Amino acid sequence: MDGTTYLSDYKPFPFEIRGVALTFALAPRATRVRARIEIAPREAGAALRLDGEELKLISAAIDGTPLTPADYRLTPTDLTIHPAALPERPFTLETEVEIAPEGNTALEGLYMSNGMYCTQCEAEGFRKITYYPDRPDVMARFDVRIEGDLPVLLSNGNPGAAGPGWAEWHDPWPKPAYLFALVAGDLRATSGRFTTASGRAVDLNIWVRPGDEDRCGFALGAVERSMAWDERVYGREYDLDVFNIVAVDDFNMGAMENKGLNIFNSKLVLASPATATDSDYERIEAVIAHEYFHNWTGNRITCRDWFQLCLKEGLTVFRDQSFTADERLGAVKRIEDVAALRGRQFREDAGPLAHPPRPDQYREINNFYTATVYEKGAEIVGMLKRLVGPEGYRAALDLYFARHDGQACTIEDWIKVFEDSSGRDLSQFKRWYTEAGTPRLRVAERFENGTYWLDFEQETPPTPGQPEKAPRHIPIAVGLLGQNGDEIMPTRVLEMTERRQSFAFEGLGARPVPSILRDFSAPVGLERATSPAEQAFLLAHDTDPFNRWEAGRGLARDTLVAMAGGAAAGADYLDAMGRLIGDAGADPAFRAACLRLPGEDEIAAEIARRGAAPDPQAIHAAREGLLAALLRAHGAALGALYEAMAVPGPYTPEAGPAGRRALRHAALAILTRAEGTARAEALFQSADNMTDEIGALNLLIGAGAAQRPLAAFRARWKDVRLVMDKWFLAQSALCPPETAAETVAALGADPAFEWKNPNRFRALLGGFAANHAGFHRADGAGYRFYADWLIRLDPVNPQTAARMSTAFETWARYDAGRQAKIRAELARIAATPGLSRDLGEMTARLLG
Ligand code: ARG
Ligand code: ZN
């Protein structure tokens with residue numbers, strides 16, 4: 001027993017929970033929770049083990065008879081009632097416990113934020129509220145009564161009776177405890193109404209603190225669009241009379257899909273043109289959709305155990321990505337999603353934290369809310385859709401909902417639904433769920449007598465605990481172009497199942513140019529010998545927008561890798577960008593995505609993949625050098641583009657104007673070098689929206705010319721928490737790397753650095769970790785500073801401390817000196833007395 005939980009140990013709970021009635025008497029330091037649980041034994045002679053942590057047990061009784069200490073065993077993690085004390089027929093267990101929400105800085109269970117009570121129970125937070133089988137396969141109906149002297153008292157389900165200082169809620173849908181929620185406080189609602197396809201009227205409320213009401217309109221609209229989309233595309237209707245969303249300032253994650261009562265980090269709800277950027281708006285809409293979509297994929301059908309987390313998360317991310325693609329520009333959304341997947345998930349897969357989308361062991365489940373479970377999980381769903389086609393996908397999902405509604409399921413159940421509805425054997429495909437690592441897909445080509453061959457070879461590198469990898473089932477979308485740029489074969493999906501496999505294309509008059517892995521049809525690393533000229537050709541001619549971008553991205557990456565090694569900027573790249581800058585017919589958002597340079601971490605990853613140790617300072621200089629070369633080559637055209645992309649009229653967050661602003665800022669990023677900050681300064685001065693204001697400020701910080709703008713920004717926004725987060729983030733992420741450690745240390749000592757607030761902590765520390773050359777400064781000052789803060793945060797908020805430790809996951813990429821310095825910091829953290837299980841597990845895995 002080392003505190004590790006294994007998938008192979010799964011056993012069903014030996015009791016059925018027929019109903020739960022909870023009464024909360026709220027008080028900051030001594031909240032009383034009374035639970036009345038209807039229980040029926042399923043196996044004779046089993047003990048009743050209830051999870052419970054940090055609870056003070058006041059009383060416990062079965063069928064009205066108090067238990068004596070001889071009837072149970074109480075430990076810091078559970079209350080276990082001996083079989084001899086349990087009736088062999090259905091019975092009622094009543095308990096009362098006391099908890100202290102005010103002192104709960106971990107933000108898990110019942111806690112307080114700005115005088116408001118709120119909860120976060122996923123994954124295992126309900127056990128900090130009352131004794132209960134806190135596992136997702138135990139589903140029950142909950143009735144809740146809240147007593148507290150606060151104007152708004154909310155819980156799951158539909159509202160029941162209420163009076164001054166109390167309210168009752170009834171959730172008709174059986175649910176696991178992780179979906180429980182309670183909110184109480186002085187809150188204001190922005191309300192709407194949605195009528196479902198079958199005519200149910202649903203009251204919609206966005207609840208926020210007084211003063212924030214004017215920033216809820218966009219979120220409310222996003223809820224309505226999400227509800228309509230899920231009816232239209234998946235045939236899924238909402239199933240309660242009310243849907244409540246609450247915005248909370250202190251929140252460890254993005255948001256939580258509690259049944260009928262979603263709780264959100266306020267940064268993912270509150271938006272106004274003056275305070276939120278285009279990307280904030282897009283992200284708010286996506287997360288609102290994500291949590292709403294969980295009502296079916298997560299709540300009505302939930303997970304049997306936490307190893308199956310990607311059953312709900314991978315599918316729900318796939319659904320929210322499809323929603324955004326439909327609402328906005330689909331091609332650009334795909335490009336953004338793939339860039340994020342590579343930046344976070346490929347990076348995870350290539351390091352010591354690599355794990356399968358369905359892991360088979362964990363110490364702390366909160367450490368597995370990862371890019372692999374979420375984003376790679378979504379890619380796997382996308383591959384399934386590609387393999388069975390859009391109609392086959394809809395048929396599989398219809399079967400999933402029909403077969404498993406009300407159940408707690410596994411990845412096996414999910415795959416079986418696709419097998420049964422399509423008739424296909426997906427046993428090899430299942431490896432995507434059970435094996436870690438990003439397959440490398442090498443391709444060579446031959447042209448013989450009118451037949452064109454693609455010869456593929458796949459190999460997945462070893463990952464922790466999985467030295468050998470079997471071949472994966474990989475859908476490879478391919479199209480062929482002629483030498484004149486016309487498409488001669490539209491997209492076809494090849495299915496690779498062997499380690500080595502060749503595909504022939506017959507009857508061709510001349511050697512074609514291949515467009516491989518269109519739309520990023522599988523999460524693999526494609527390796528192909530190509531030339532800058534061919535990349536430029538595909539950027540100009542490919543009919544698949546993802547692969548157009550991909551060709552340009554590859555060209556940019558190769559150019560930057562060469563420049564980090566001392567080469568000059570190549571003409572192919574500069575010419576290709578020149579054509580793009582002048583291509584007024586192409587979509588602005590797409591051109592912006594092509595014009596933005598890869599980040600320094602991406603360049604470092606590429607250098608490491610090629611077997612060398614990246615030099616962060618050289619990478620930073622290369623990127624600056626390429627921006628300067630673009631300015632020299634295309635300064636005039638970029639200036640004209642900057643003017644042409646000005647958006648007239650008042651700000652709206654729609655995709656059209658947002659795309660123009662994105663292109664405008666991509667041009668400005670090249671135009672704003674140390675010697676030319678005038679445009680950025682003018683934009684900062686005149687901005688009437690946060691996209692322009694912070695975009696300009698970011699560039700001024702990078703140019704080392706931001707002292708006055710930073711002071712002005714602070715004076716203007718000092719009372720708006722979410723905007724002050726941007727002030728911290730911009731400086732830590734973009735300040736000149738040579739002195740970043742000092743800059744960030746000064747910000748850490750600023751009285752406005754409220755480090756116990758997760759958003760503020762993430763802004764400063766997360767921003768610094770993204771300042772690649774600053775964080776990785778050779779003297780190790782960045783590592784030391786970062787580790788100091790993790791050690792300080794851990795006893796207060798272990799979940800966030802553990803998550804932030806992933807900044808160190810790339811240590812093996814770097815030279816021996818940096819490796820030793822990072823490992824020394826990790827060892828120092830690991831040796832900290834009283835270290836949390838969360839951060840303890842992370843440092844152990846990071847050190848390997
Ligand atoms: N289920 C939530 C979501 O993806 C995230 C909850 C994260 N909780 C955690 N303890 N890590 O929408
Ligand atoms: Zn989710």
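Start counting the sequence shown at 1; every next residue gets the next number (the UniProt record's numbering).
We treat Cβ as the ideally placed atom computed from N, Cα and C, and that holds for glycine.
Since the model is a prediction, treat every value here as computed from it, not as a measurement.
In the DSSP assignment, the alpha helix (DSSP H) including residue i goes from what residue to what residue?
i	result
tryptophan 789	781–793
residue 862	Not covered by the structure: residue 862. The range shown for the chain is 1 to 848.
glycine 382	377–404
tyrosine 573	571–582
phenylalanine 293	278–293
glutamate 550	545–564
leucine 847	837–847
valine 338	330–340
Beta strand (DSSP E) containing residue i: first to last residue?
i	result
leucine 688	According to the sequence provided, residue 688 is aspartate. The question's leucine does not apply to it. Counting along the chain, aspartate 688 falls outside any beta strand (DSSP E), and DSSP gives it neither H nor E.
glutamine 501	500–505
residue 849	The structure shown does not extend to residue 849, since the chain spans only 1 to 848, so no value can be given for it.
cysteine 594	Where cysteine 594 is concerned, there is no enclosing beta strand (DSSP E), although the alpha helix (DSSP H) it sits in stretches over 588–595.
lysine 56	56–62
leucine 261	261–265
alanine 444	440–448
Looking at the ligand ARG, does it come within less than 7 Å of residue i, judged from the CB to the closest heavy atom?
i	result
asparagine 366	yes
methionine 690	no
alanine 123	yes
methionine 496	no
methionine 842	no
tyrosine 369	yes
glycine 343	no
methionine 804	no
glycine 702	no
methionine 253	yes
Helix, strand or coil for residue i, going by three-state DSSP, please let me know.
i	result
cysteine 310	helix
aspartate 305	coil
isoleucine 129	coil
methionine 1	Bear in mind that the predicted position of methionine 1 carries a pLDDT of just 45, short of 50, making it too unreliable to give a figure here.
threonine 410	coil
alanine 621	helix
aspartate 134	coil
arginine 492	strand
glycine 165	coil
threonine 77	coil
proline 159	strand
tyrosine 117	strand
tyrosine 814	coil
asparagine 244	strand
phenylalanine 753	coil
phenylalanine 142	strand
glycine 515	Here residue 515 turns out to be serine, not glycine, going by the sequence shown. Reduced to three states, the DSSP call for serine 515 is strand.
tyrosine 433	helix
glutamate 825	helix
leucine 353	coil
methionine 253	coil
proline 471	coil
glycine 767	helix
tyrosine 374	helix
Cβ of residue i versus every heavy atom of the ligand ZN: is any distance shorter than 7 Å?
i	result
histidine 290	yes
glutamate 257	yes
glutamate 313	yes
threonine 316	yes
histidine 294	yes
So is residue i in contact with chain C if we call contact Cβ pairs under 8 Å?
i	result
phenylalanine 418	In the displayed structure, chain C is absent; only one protein chain is listed.
Original post:
Is the segment 713–731 touching the segment 758–768, taking contact as three or more C-beta pairs under 8 Å?
Top reply: yes
Original post:
Whole alpha helix (DSSP H) runs in the segment 628–694 with 4 or more residues, listed along the chain?
Top reply: 655–671 and 678–686
Original post:
If you pair each beta-carbon of the segment 76–85 with each one of the segment 33–52, do three or more pairs fall below 8 Å?
Top reply: yes
**OP:** Could you pull out every unbroken beta strand (DSSP E) segment of at least 3 residues lying fully inside the segment 167–242, listed in chain order?
**Re:** 182–185, 188–195 and 201–208
Original post:
Do the segment 273–290 and the segment 158–167 make contact, defined as three or more Cβ pairs closer than 8 Å?
Top reply: no
Original post:
Is the segment 339–359 in contact with the segment 436–455, if contact means three or more CB pairs nearer than 8 Å?
Top reply: yes
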